[in-house]
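Participant: Here the sequence shown is numbered in the working numbering, starting from -18 and rising by one per residue.
I have a structure here, written as structure tokens, and I will follow up with some questions on it.
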Amino acid sequence: MTRLTTSILVSSALRQSQANGIFAAVLRQGDEQAGTIFVEVEIDSAQSSLYGRRVGFDGDYEWICLTGEVPVSAADAAERLKKESDRDPDCWIICVQDPKGRNIFTLEPDLD
């Protein structure tokens, strides 16, 4: 099965976020073809959640919250992102500002 490139996935998610009135921006552009994607969702100025995409047991991609079920401080999220980007220099970092805490990569498409 052919997979979409990371750059196409990011572009699509950014368009979907815009359609839903959610601010999102690329903070770090990684490998165009297969870079790992990290999404920092800023719920407010003090709380963030960090998501990463991984391959699940069934071979499909899934999103996991790397910071746990409860949002963490913005400083803790930034520290985790620094560690991840040091480990993987080809990664993408997407910043989302959404009080509802939504990951733009898991939004349902607006077909209207």
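Note that beta-carbon positions come from the ideal geometry of N, C-alpha and C, so glycine has one too.
1) Please list, in chain order, all residues of the same chain as Ala55 whose beta carbon is under 8 Å from its beta carbon, the five residues on each side excluded.
2) Measuring alpha carbon to alpha carbon, tell me which of Tyr32, Asp71, Val(-9) ends up nearest Asp12.
3) Drop a sphere of 10 angstroms on the beta-carbon of Ala(-6), count the other beta-carbons inside from all chains shown, and report buried for 16 or more, exposed for fewer.
4) From the DSSP output, in three-state form, read off Ile74 for me.
5) Is it the case that the region 0 to 10 contacts the region 32 to 40, given that we only count it when at least three CB pairs across the two stretches are under 8 Å?
Facilitator: Looking at the atomic coordinates:
1) In the sequence shown, counting from the first residue as 1, residue 55 sits at position 74. Closer than 8 Å at Cβ, skipping near neighbours: Glu23, Ser26, Ala27, Gln28, Ser29.
2) Counted from its first residue, the sequence shown places residue 12 at position 31. Closest by alpha carbon: Asp71.
3) Walking along the sequence shown from the start, residue -6 turns up at place 13. Classification of Ala(-6): buried, given that the 10 Å Cβ count is 16 or more.
4) For the purposes of this step, residue 74 is taken as residue 93 along the sequence shown, with counting starting at 1. Strand.
5) no
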